[in-house]
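Residue numbers (the working numbering): 23 to 340.
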């Protein structure tokens with residue numbers, strides 16, 4: 023044990039708490055796994071001198087989300103927060119990491135460095151950071167969470183892994199094989215807000231094709247050819263061109279909705295009922311992207327939303 027860790031125990035901290043004087047707690051969120059960006063995140067951490075010496079796959083529950091929010095004092099109970107974070111963690115497992123500081127910095131310096139490495143929310147605020155360089159869909163689908171102090175690391179690791187979190191970690195040496203199996207067997211997700219919204223509108227336009235009329239169909243073809251179906255105004259323009267007898271079709275409101283913070287957010291579970299009835303249902307990734315992007319500005323990553331590639335590269339809980 024380090025001198026710093028021994029001092030922490032003498033000052034009344036538990037062994038688990040003292041470990042976080044020389045280590046850091048990290049939660050790799052499900053979007054990182056779905057997009058297979060975990061290795062890129064770990065590479066950035068390694069360059070800064072942080073090595074994963076313990077890890078565990080976890081399924082984060084709503085109760086655990088609340089616990090982390092309470093620790094961080096970010097207002098557990100906000101409807102938007104529930105919907106956004108529930109959408110994130112419903113995507114699949116996360117990875118809890120115990121990171122060892124190979125540079126032997128003080129606790130204050132260590133967590134300051136991690137804060138800078140992680141990057142900010144919204145994206146594009148810290149060039150060189152993980153969220154900026156590796157990329158993220160928005161401030162919720164943002165790759166990782168890092169605790170901001172030894173005390174919070176102890177509390178957050180316990181919230182995620184139970185009362186004895188250190189005993190729950192697997193040896194860090196086994197992480198690489200786990201990631202290799204995932205990379206070779208699971209499809210790699212790459213769709214951002216532009217791709218997701220464009221695909222949804224494409225399905226809706228196809229379902230409404232005979233209701234659009236000649237002008238509407240011509241506009242749909244032009245927008246599709248230019249990769250502009252996800253433009254903020256594209257859905258509304260198309261919805262305005264349906265035949266009068268189809269003006270009350272339930273898909274039209276969904277087609278016109280921008281699914282970004284410029285409009286009042288919708289509950290995607292209710293929207294999906296409409297979409298399913300007409301063969302236009304969203305998959306889990308699309309649901310997560312559209313839900314979270316209603317509250318947090320999406321980062322443009324795919325050429326088409328505005329006719330050009332505008333993308334740079336951000337757990338909305340930190």
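Don't be surprised by glycine CBs; every beta carbon is placed ideally from N, CA and C.
Just so you know, these numbers come straight off a predicted model, no measurement behind them.
Between residue 180 and residue 121, how many whole angstroms is the CB-CB distance? I'm expecting something under 8 Å. By one-based count along the chain shown, residue 180 stands at place 158. By one-based count along the chain shown, residue 121 stands at place 99. The pair is not a contact, with the Cβ atoms about 17 Å apart (cut-off 8 Å).
N- and C-terminal bounds of the beta strand (DSSP E) containing residue 73
By 1-based counting over the chain shown, the position of residue 73 is 51. Per DSSP, residue 73 belongs to the beta strand (DSSP E) from 72-80.
> If you draw a straight line from the alpha carbon of residue 168 to that of residue 224, how long is it in whole angstroms?
Replying inline: Looking up residue 168 in the chain shown gives position 146. Looking up residue 224 in the chain shown gives position 202. Each residue's alpha carbon lies about 38 Å from the other.
| For residue 73, which of 92, 119, 156 has the nearest alpha-carbon? | For the purposes of this step, residue 73 is taken as residue 51 along the chain shown, with counting starting at 1. Comparing Cα positions, the closest option is 119.
What residue range is occupied by the uninterrupted beta strand (DSSP E) comprising residue 123?
-> The count along the chain shown starts at 1 and reaches residue 123 at position 101. Element bounds for residue 123: 116-123.
message: If I measure Cβ to Cβ from residue 259 and keep anything under 7 Å in the same chain, skipping five residues before and after, which residues do I get?
response: As a first step, residue 259 must be located in the chain shown, where it is residue number 237. Excluding residues within five positions, the ones whose Cβ falls inside 7 Å are 241.
### Query
Which of the three DSSP states, helix, strand or coil, is assigned to residue 193?
Here residue 193 refers to the residue found at position 171 when the chain shown is read from its first residue. The answer is strand: DSSP assigns residue 193 an E or B state.
Does the count of Cβ pairs from the stretch 133-144 and the stretch 61-73 closer than 8 Å reach three? yes
Please classify residue 77 as buried or exposed, where buried requires at least 16 other C-beta atoms within 10 Å of its C-beta. Working through the chain shown from its first residue, we reach residue 77 at position 55. With 16 or more Cβ atoms within 10 Å of its Cβ, residue 77 is classed as buried.
In angstroms with no decimal places, state the Cα-to-Cα distance between residue 186 and residue 262.
Translated into the one-based positions of the chain shown, residue 186 becomes position 164. Translated into the one-based positions of the chain shown, residue 262 becomes position 240. Roughly 59 Å separates the two Cα atoms.
_Burial state of residue 248, where buried means 16 or more other Cβ atoms lie within 10 Å_ = In the chain shown, counting from the first residue as 1, residue 248 sits at position 226. Exposed, since its Cβ has fewer than 16 Cβ neighbours within 10 Å.
Exercise for review: Reducing DSSP to helix, strand and coil, say where residue 168 ends up.
Suggested key: Taking the first residue of the chain shown as 1, we reach residue 168 at position 146. Reduced to three states, the DSSP call for residue 168 is strand.
Self-check item: Burial state of residue 321, where buried means 16 or more other Cβ atoms lie within 10 Å
Solution: As a working note, residue 321 is residue 299 in the chain shown. Classification for residue 321: buried.
**Per DSSP, the bridge partner or partners of residue 49** = Along the chain shown, one-based indexing puts residue 49 at 27. Residue 49 is bridged to 118, 167.
- Query: How long is the line joining the alpha carbons of residue 294 and residue 81, rounded to whole angstroms?
  - Reply: Taking the chain shown and counting its residues from 1, one reaches residue 294 at position 272. Taking the chain shown and counting its residues from 1, one reaches residue 81 at position 59. Their backbone Cα atoms lie some 24 Å apart in a straight line.
Item to complete: For residue 266, count neighbouring C-beta atoms within 10 Å of its own C-beta (all shown protein chains included) and say buried if the count is 16 or more, exposed if not.
Response: The count along the chain shown starts at 1 and reaches residue 266 at position 244. Classification for residue 266: exposed.
Nearest residue (CA-CA) to residue 212, options 51, 56, 49, 50
Counted from its first residue, the chain shown places residue 212 at position 190. Among 51, 56, 49, 50, the Cα nearest to that of residue 212 belongs to 56.
Note to self: Just verifying my parser: in three-state terms, what is the DSSP assignment at residue 200?
What the structure shows: In the chain shown, the residue the question calls residue 200 occupies position 178. In this structure, residue 200 counts as helix in the three-state DSSP scheme.
Span separating the alpha-carbon of residue 235 from that of residue 105
As a working note, residue 235 is residue 213 in the chain shown. As a working note, residue 105 is residue 83 in the chain shown. So the two alpha carbons sit approximately 37 Å from each other.
Where residue 246 falls: helix, strand or coil (DSSP):
On the chain shown, position 224 is the one that residue 246 refers to. The answer is helix: DSSP assigns residue 246 an H, G or I state.
**Prompt:** If residue 277 and residue 257 are in contact, beta carbons under 8 Å, what's the gap, nearest whole angstrom?
**Reply:** In the chain shown, the residue the question calls residue 277 occupies position 255. In the chain shown, the residue the question calls residue 257 occupies position 235. Contact holds; Cβ gap of about 5 Å.
>> For residue 190 and residue 79, what's the separation of their Cα atoms in angstroms?
In response: One-based indexing of the chain shown puts residue 190 at position 168. One-based indexing of the chain shown puts residue 79 at position 57. Computed Cα separation, rounded: 10 Å.
Check this for me: beta carbons of residue 60 and residue 201, under 7 Å apart or not?
If you number the chain shown from 1, residue 60 lands on position 38. If you number the chain shown from 1, residue 201 lands on position 179. For residue 60 and residue 201, yes; Cβs fall inside 7 Å.
Meets three-Cβ-pair contact criterion under 8 Å: the stretch 109-118 and the stretch 306-318: yes
Worksheet item: Which of the three DSSP states, helix, strand or coil, is assigned to residue 179?
Response: Along the chain shown, read from residue 1 onward, the residue named residue 179 stands at position 157. Residue 179 falls in the helix class under three-state DSSP.
Q: Kindly list the residues whose CB is nearer than 6 Å to the CB of residue 98, restricted to its own chain and excluding five residues on each side of it in sequence; keep chain order.
A: To locate residue 98, count along the chain shown from 1; it is residue 76. Here residue 98 scores only 49 on pLDDT, less than 50, and its place in the model should not be relied on; the value that follows carries that caveat. So the list reads 88, 91, 92, once near-sequence residues are dropped.
Quiz item: Based on Cα-Cα distance, which residue from 297, 291, 246 lies nearest to residue 271?
Solution: For the purposes of this step, residue 271 is identified with residue 249 of the chain shown, where counting begins at 1. Of the candidates 297, 291, 246, the one whose C-alpha sits nearest the C-alpha of residue 271 is 297.
Rounded Cβ spacing between residue 306 and residue 113 (contact assumed at less than 8 Å) = One-based indexing of the chain shown puts residue 306 at position 284. One-based indexing of the chain shown puts residue 113 at position 91. Their Cβ separation, rounded to whole angstroms, is 6 Å, which keeps residue 306 and residue 113 in contact under 8 Å.
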